[in-house]
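Q: Those protein sequences? They're chains A and B, same order as listed.
The opening position of the first sequence corresponds to residue 0 in numbering that gives the first Met the number 0, with each subsequent residue numbered one higher.
The opening position of the second sequence corresponds to residue 0 in numbering that gives the first Met the number 0, with each subsequent residue numbered one higher.
Protein chains: 2
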Amino acid sequence: MEFKNLDQTKALAALQKDKKVSVREALTTQRIAKYQSPEAGGLLSYHYAAMPVDEQILGDLQRLSDEQELIAKYKALLGGEVMNTGEKRLVLHQLSRGQVLPTPVIADGEDKGKFYKGQLERIKEFSEQVRSGKLVGSTGKSFTTVCQIGIGGSDLGPRALYLALQGYAQGKGIKQLEGKFISNVDPDDAAQVIDTLDMERTLFILVSKSGTTLETLTNRDLVIDAIKESGIKGIDPAKHMVAVTSKTSPLAKSKDVRESFFFDDYIGGRYSSSCAVGGVVLSLAFGYDVFQELLDGAHQADVAALEPDIRKNASLLDALIGVYNRNVLGYPSTAILPYSQALSRFPAHLQQLDMESNGKHVNRDGKPVAYVTGPVIFGEPGTNGQHSFYQLLHQGTDIIPLQFVGFKQNQRGKDIVIQGSTSQQKLCANLAAQIVAFARGKDDENPNKQFAGNRVSSLLVAKELTPAVLGALLAHYENKVMFQGFLWNLNSFDQEGVQLGKTLAKQVLAGCPGDPVLKAFSDLL
Amino acid sequence: MEFKNLDQTKALAALQKDKKVSVREALTTQRIAKYQSPEAGGLLSYHYAAMPVDEQILGDLQRLSDEQELIAKYKALLGGEVMNTGEKRLVLHQLSRGQVLPTPVIADGEDKGKFYKGQLERIKEFSEQVRSGKLVGSTGKSFTTVCQIGIGGSDLGPRALYLALQGYAQGKGIKQLEGKFISNVDPDDAAQVIDTLDMERTLFILVSKSGTTLETLTNRDLVIDAIKESGIKGIDPAKHMVAVTSKTSPLAKSKDVRESFFFDDYIGGRYSSSCAVGGVVLSLAFGYDVFQELLDGAHQADVAALEPDIRKNASLLDALIGVYNRNVLGYPSTAILPYSQALSRFPAHLQQLDMESNGKHVNRDGKPVAYVTGPVIFGEPGTNGQHSFYQLLHQGTDIIPLQFVGFKQNQRGKDIVIQGSTSQQKLCANLAAQIVAFARGKDDENPNKQFAGNRVSSLLVAKELTPAVLGALLAHYENKVMFQGFLWNLNSFDQEGVQLGKTLAKQVLAGCPGDPVLKAFSDLL
Chain A
0 MEFKNLDQTK ALAALQKDKK VSVREALTTQ RIAKYQSPEA GGLLSYHYAA
50 MPVDEQILGD LQRLSDEQEL IAKYKALLGG EVMNTGEKRL VLHQLSRGQV
100 LPTPVIADGE DKGKFYKGQL ERIKEFSEQV RSGKLVGSTG KSFTTVCQIG
150 IGGSDLGPRA LYLALQGYAQ GKGIKQLEGK FISNVDPDDA AQVIDTLDME
200 RTLFILVSKS GTTLETLTNR DLVIDAIKES GIKGIDPAKH MVAVTSKTSP
250 LAKSKDVRES FFFDDYIGGR YSSSCAVGGV VLSLAFGYDV FQELLDGAHQ
300 ADVAALEPDI RKNASLLDAL IGVYNRNVLG YPSTAILPYS QALSRFPAHL
350 QQLDMESNGK HVNRDGKPVA YVTGPVIFGE PGTNGQHSFY QLLHQGTDII
400 PLQFVGFKQN QRGKDIVIQG STSQQKLCAN LAAQIVAFAR GKDDENPNKQ
450 FAGNRVSSLL VAKELTPAVL GALLAHYENK VMFQGFLWNL NSFDQEGVQL
500 GKTLAKQVLA GCPGDPVLKA FSDLL
Chain B
0 MEFKNLDQTK ALAALQKDKK VSVREALTTQ RIAKYQSPEA GGLLSYHYAA
50 MPVDEQILGD LQRLSDEQEL IAKYKALLGG EVMNTGEKRL VLHQLSRGQV
100 LPTPVIADGE DKGKFYKGQL ERIKEFSEQV RSGKLVGSTG KSFTTVCQIG
150 IGGSDLGPRA LYLALQGYAQ GKGIKQLEGK FISNVDPDDA AQVIDTLDME
200 RTLFILVSKS GTTLETLTNR DLVIDAIKES GIKGIDPAKH MVAVTSKTSP
250 LAKSKDVRES FFFDDYIGGR YSSSCAVGGV VLSLAFGYDV FQELLDGAHQ
300 ADVAALEPDI RKNASLLDAL IGVYNRNVLG YPSTAILPYS QALSRFPAHL
350 QQLDMESNGK HVNRDGKPVA YVTGPVIFGE PGTNGQHSFY QLLHQGTDII
400 PLQFVGFKQN QRGKDIVIQG STSQQKLCAN LAAQIVAFAR GKDDENPNKQ
450 FAGNRVSSLL VAKELTPAVL GALLAHYENK VMFQGFLWNL NSFDQEGVQL
500 GKTLAKQVLA GCPGDPVLKA FSDLL
């Protein structure tokens, strides 16, 4: 297995010479029928007819995939090779949702698959006890609310998934514990959430792998302070708190929590939604079965990602087309546009997943790369975005590749017919219309009403946003980001770029010794 | 007054030849002290020491400002010239918060300043009646919740401002009516909000200038349906609904609303937060006085924007530096990073404001421009973003100019000391640290821990996020976007780019007659 930079591949050179595709000209019904592939065994389907590729370019993308040995690298990762080269760690988030390859991964003297599974069993049991009312708060009352305290990967993914499943649970009549989230060190964040809580009935979930995250420990202390100040007789904060952390962290054996659930250094924060980091809060809120369905959907996507034929592997093809857009066509950003209010915070999670993984300027060996890597990722749900930033997407001077996500049905099943169509039909009609409007544009005598077209997009579709579909969607993007990291020859699993700011923040709090410039900025605030 | 394209200016040519500034090298305490200017009479201060400018470049930016006659164009706009050339409309959002120039603007046979003021007086009276419990719902109960139904400019700005003021109102002990918002045509959006409402105590605010916005009318009907289905005896939907619309819209005299408040074609949706569109919901939620303070702050920024010396005019200078970053240095996007949880949705509002205003490829006369215009805008609050996409900002291959926003104090006044500092101090320390980390970078033998620096940023600071400061912040960005539109010679006040998608969506709902490609996409969903 060879690790080489993208610009050392023959396929990239070929792609650069390939005739460019005008989506405006190319779009036909035949193309729409042909340019689609299933994801996660059919839970989703990926449509790329409105992406600027043709048979020639797809052939070269296949050669690029083969030349960069993307499937072999994925298998190496699954098999337990040290793919996080900077931190010298394994990368096992796929294993946290199931064994993709048959051979167990042994590390630190244990079977890692069994370790993650064991934690799931503990989560199942614990969440069932809480949800059934067997396990209660310190004043004898059952829990009705769970509140996660975490930041970054311990917040964005779990929060996005929680919001995505509320409507599903309601539609299916599943009992819900209300979920709340505290993340920011801004004390107004905690204060606002705390204000809405009945402390006797709230279970806090403290999430920090290291057990030392400044924001999270600070917010824990704010919460404990608020519990104590509530004046509720006999309330004991430790009975209202569990931890999700690593076995070696100071939180692991803390007396201040009633239970600890574990993950490890082989699951990066932004990849941790499908281990205990997302599992505890989602299982408490919706029941363990819902979380297990999510894991099964993600696992199906992980299995599907083993396919070497790029036309049958949606995450692989999505990754390749993304790199083509970025490195051959030079597009600097990508918009994620889910036509589903349930996915309102999913773009924010993908923003972290993608930009923190592949926003790198050195390759996996620490050598600077001579090409652009991860794009800026942003997005909001449709149709809201249509009334906001779509103007620039349609008529701005830059082309922004778009990724649409859509569902045939809504989650809650409540809808009405107005002017001959349901709201869900209007939502889907808008999504289909946008793809065509972006791709095909429109000529007009008035240049102000002229649309150049050739605004490229892809589409991920499912019948309904179920837990399995959500898991498949999550894993689709994780695997896409992984394949792009392999293409760019990056280590997508560390985040050294966040360290300098942390170090300097400590120096500010220490009074900026010997650093007048830092002091001058600090004095402004 | 001459309207010419940016690339016809002498100053742009000079700027392109100017020696580029390395912020990494240039940053000194003297520079930090010098490169700052007040905004809105000192409500805010703007700091640009970490932006890539020097005396030479600032001189050329001043010449660019003079050459493009930015202040004269602003005055023309204030005076009632038809600056929305495409739609042949005046642009009067500044007037909605106060008379900046002494001469009244007369249009459609009325004094427009008086018209807006008259609406404010109606809002004041109505909101006081609701808040005092004089005006009640159809079953005799006072209102405790207001729910805005609107999309785009009728949603993002008002929602962002509502969230920004909750903590302020709480800190000051101001009585609050709870605010809710329904926007998306996805029926799950309305269903989720409706589920949380006590219909007897909820007043809905229907916001659509044309009175024909598909999403908004659909959601209104979903709400009316839910009220009727609530089974509450004697409840009358019309007594639970007011409209904010134009005088000529079908909603204006509808029997289905108990009151209508007006704005007009001279205030674009994304500029409408400071007229009735934001005014009704904010006055109901927090009291009219809070909204008036916001207007006063915005008005002060509008007055400050008249200053021709760019070093004394923060919105003007911010606009000029932004165009320098975009057109001379070639940076394609800008991140907005407020270190305040209260501003969690402010970047989403600015995303609309900026991208819908200046995401254009033709100039104000409808001629294609040969340079890039509006950048992609994105952002999340700090410190959350630090644990998410900052990796790419620090170590990615593209430079993304950053706009930080910070406050010395938090809103609610609840905070605790942990490890020697309050949460607010930690928040501010992180902000100061990030500016320096981005600008100065850090050398390291390990290339993976190497930070190149020269990641440029500016900072807007205030003592606390009060209504006046929020108004000044809002107007700062509106005026920045306006000045950039003048620099690029665009019409920043129309949005023709959103029309094509609307038209095609109607065709999808009609079965895609004669359009097999549209039908093929429609069939996927």
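Beta carbons are placed, not taken as given, at the ideal position from N, Cα and C, and that holds for glycine.
Going by beta-carbon coordinates alone, are Q410/B and L349/B separated by less than 8 Å?
A: No, the Cβ-Cβ distance between Q410/B and L349/B is not below 8 Å.
Q: For S218/B and A347/A, what's the separation of their Cα atoms in angstroms?
A: It should be noted that the sequence gives Asn, not Ser, for residue 218/B. Distance between the alpha carbons of N218/B and A347/A is about 26 Å.
Q: Considering V145/A, what are the terminal residues of the beta strand (DSSP E) in which it resides?
A: Residues T144 to I148.
Q: In whole angstroms, what is the alpha-carbon distance linking L391/B and G496/A?
A: Computed Cα separation, rounded: 7 Å.
Q: Relative to chain B, which residues along the region 448-469 of chain A have a C-beta separation below 8 Å, given in chain order?
A: Residues passing the 8 Å Cβ filter: K448, Q449, F450, A451, L458 and V460.
Q: Looking at C-beta atoms only, is the number of pairs between the region 264-274 of chain B and the region 92-107 of chain B that lie closer than 8 Å three or more?
A: The answer is yes - the region 92-107 of chain B touches the region 264-274 of chain B, with three or more Cβ pairs under 8 Å.
Q: Output the distance between the C-alpha atoms of T138/A and R158/A, rounded to the nearest integer angstrom.
A: Going by the C-alpha atoms only, they are around 28 Å apart.
Q: Comparing alpha-carbon positions, which option in L43/B, M50/B, F2/B and R30/B lies nearest Y330/B?
A: Ranking L43/B, M50/B, F2/B and R30/B by Cα distance to Y330/B puts M50/B first.
Q: Determine, using beta carbons only, whether L281/A comes closer than 8 Å to chain B.
A: False, the Cβ-Cβ gap to chain B never drops below 8 Å.
Q: With 8 Å as the threshold, decide whether the Cβ of T27/B is near any Cβ in chain A.
A: With 8 Å as the cut-off, T27/B counts as an interface residue toward chain A.
Q: Could you check the C-alpha separation between P380/B and V289/B for me, to the nearest Å?
A: Going from the Cα of P380/B to the Cα of V289/B covers about 24 Å.
Q: By the three-class DSSP mapping on this structure, what secondary structure does M581/A have?
A: In the structure as shown, chain A starts at 0 and stops at 524, and residue 581/A therefore has no counterpart that could be examined.
Q: Note down, in chain order, every chain B residue with its Cβ under 7 Å from the Cβ of L213/A.
A: Neighbours of L213/A on chain B, chain order: K425.
Q: Fully enclosed by the region 269-348 of chain B, which beta strand (DSSP E) runs are 3 residues long or longer?
A: Qualifying beta strand (DSSP E) stretches, in chain order: 332-337.
Q: Can you check DSSP and say which residues form a bridge with G178/B?
A: Per DSSP, V145/B.
Q: Please look up how many angstroms separate the CB atoms of A189/A and V145/A, rounded, as I've assumed it's under 8 Å.
A: That pair is no contact at about 16 Å.
Q: Just how far apart, CA to CA, sit Q15/B and L508/A?
A: Approximately 40 Å between the Cα atoms of the pair.
Q: Kindly list, in the order they appear in chain A, the residues whose Cβ is closer than 7 Å to that of I415/B.
A: The contacting residues are D220, L221 and D224.
Q: Quick check: is the beta carbon of V375/B nearer than 8 Å to any beta carbon in chain A?
A: For V375/B, the answer is yes, since a Cβ of chain A falls inside 8 Å of its Cβ.
Q: Can the beta-carbon of Y161/A be found less than 8 Å from the beta-carbon of L293/A?
A: Not closer than 8 Å, so no.
Q: For K9/A, collect the residues of the same chain with a Cβ closer than 8 Å to its Cβ; drop the 5 residues on either side in sequence, then sort them by chain order.
A: Taken in chain order, the residues that qualify are R62 and E66.
Q: In the region 476-492 of chain B, which residues sit with their C-beta less than 9 Å from some C-beta in chain A, listed in chain order?
A: Those residues of the region 476-492 of chain B that come within reach of chain A (Cβ to Cβ, closer than 9 Å) are N490.
Q: Just checking: is the beta-carbon of N324/B within a distance shorter than 8 Å of some beta-carbon in chain A?
A: No, N324/B lies away from the interface with chain A (no Cβ there is under 8 Å from its Cβ).
Q: Excluding the 5 residues preceding and the 5 following N193/B in the sequence, name in chain order all residues of the same chain whose CB lies nearer than 6 Å to its CB.
A: The residue asked about is misnamed: residue 193/B is Ile in this sequence, not Asn. Contacts found: A225.
Q: Can a CB atom of chain B be found closer than 8 Å to the CB of Q15/A?
A: Closer than 8 Å: no.
Q: Could you name the residues of the region 395-421 of chain A whose beta carbon sits closer than 9 Å to any beta carbon of chain B, in the order they occur along the chain?
A: Within the region 395-421 of chain A, the residues whose Cβ lies closer than 9 Å to some Cβ of chain B are G395, T396, D397, I399, G405, F406, K407, N409, Q410, R411, G412, K413, D414, I415, I417, Q418, G419, S420 and T421, listed in chain order.
Q: So, do the region 94-111 of chain A and the region 197-209 of chain A have three or more beta carbon pairs nearer to each other than 8 Å?
A: In short, these stretches do not touch, since the Cβ pair count stays below three.
Q: With 8 Å as the threshold, decide whether the Cβ of T244/B is near any Cβ in chain A.
A: Not closer than 8 Å to any Cβ of chain A, the Cβ of T244/B fails to qualify, so no.
Q: Does the region 512-519 of chain A touch the region 28-35 of chain B, meaning 3 or more C-beta pairs lie closer than 8 Å?
A: They touch, by the three-pair rule.
Q: Checking the sheet assignment: what are the DSSP bridge partners for V460/A?
A: Partner(s): S44/A and G405/A.
Q: Given this structure, state the Cα-to-Cα distance separating N324/A from Y287/A, to the nearest angstrom.
A: If you take the alpha carbons of N324/A and Y287/A, they lie about 40 Å apart.
Q: Would you say F262/B reaches chain A, if we count a Cβ-Cβ gap shorter than 8 Å as a contact?
A: By this cut-off, F262/B is not an interface position.
Q: Mind reading off the beta-carbon distance from L250/B to P466/B? Whole number of angstroms is fine, and I expect it under 8 Å.
A: Rounded, the Cβ-Cβ distance is 28 Å, inconsistent with contact.
Q: If you draw a straight line from the alpha carbon of A25/B to that of Q35/B, how long is it in whole angstroms?
A: When rounded, the distance between both Cα atoms is 15 Å.
Q: Rounded to whole angstroms, what's the CA-CA distance from K74/A to T102/A? Just pull it up for me.
A: Cα to Cα, the separation comes out at about 11 Å.
Q: Going by DSSP, what residues sit across from K441/A in a beta bridge?
A: The partner list for K441/A (beta bridge, DSSP) reads F450/A.
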